[in-house]
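See structure below.
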Amino acid sequence: MISEPTAVALDLNEYRNKIYPRVFLMDEMQVMCAEADPALDFPLHTEWLKDLAIGYVIDRGDKFTFISKRHMGEESAITEAQIKQVAIANFVRDFKFTPMQTIFGCYGLHGASDHCATVMFVEPVWQQLVGQLGKDLVVAVPAYDLLFFTPADDEEGITNLKFELYKIQGMGLEKRIRDYLFLYKRESKEWSFLEDLGEADEWDD
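Converting from the sequence shown to our numbering requires adding 3 to each position, the first position being numbered 1.
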């Protein structure tokens, strides 16, 4: 399933039950929107850490269409705040994920593949999945359909996670994001950027 911006007017109320949050890369989206009007056609979004952002999409079956100001129009029946609220509620309602132990000694998610990377932006789902671990976490989202994490105090787990990201680099996955590591603090529920692993030949491990 592909993701794309669109300049075609849409009735957001018609798609109300199919609106979801979706993570994206700012630089990739800027390229996709290069010929569009940035004020109207760039997706509604909140920039996060590094070049990641969270936007909102309509699931149209064969593709995700990012919602922009053009879709809302001058007399939209739905506000940006309502879009966010609806998207989160739909995500919680429609997608279930299960943490699982991976063969490389960390945790991964089993569930709706197109939405795995977005889980860390959906606080109710994220808390349900990771709360049982009771620890700070190191998290990676190397692709839209992949999310891995390991306790922040598990040095071996972090090393294994890095090696897994290295292997993924050579697989030529189509839905790649970046080889970033993030830290999630359990008590404060805060995120911070840890490391950009870069290309394989830059690794010291």
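The beta-carbon is built from N, C-alpha and C at its ideal position, and this holds for glycine as well. Note that the coordinates shown come from a computational prediction; the quantities given were computed from them, not determined experimentally.
Simplified DSSP assignment, three categories, for residue i
i: W194; result: strand
i: E38; result: coil
i: A90; result: helix
i: K138; result: coil
i: V26; result: strand
i: L229; result: Shown here, the chain extends from 4 to 208; a query on residue 229 therefore has no answer.
i: L168; result: helix
Rounded distance between the beta-carbons of residue j and residue i, thought under 8 Å
i: L43; j: Y59; result: With 8 Å as the limit, L43 and Y59 do not qualify as a contact, their Cβ atoms being about 15 Å apart.
i: A90; j: P24; result: 5 Å
i: L200; j: K165; result: 6 Å
In DSSP terms, what residue i is bridged to
i: F101; result: For clarity, residue 101 is Thr in the given sequence; the question names Phe instead. T101 is bridged to H113.
i: R179; result: A146
i: V95; result: Paired residues: none, contrary to the question.
i: E50; result: A56
i: I61; result: I22 and T68
i: L43; result: L43 pairs with nothing; no bridge assigned.
i: D157; result: Answer is none; D157 lacks a bridge partner.
i: F185; result: V142 and F196
i: F152; result: Y110 and V142
Next item on the list: Could you tell me whether the region 31-39 touches the region 59-67, using the rule of 3 or more Cβ pairs below 8 Å?
Entry: no
Check: Is the region 180-187 touching the region 136-146 in the sense that three or more CB pairs, one from each, lie closer than 8 Å?
Finding: yes
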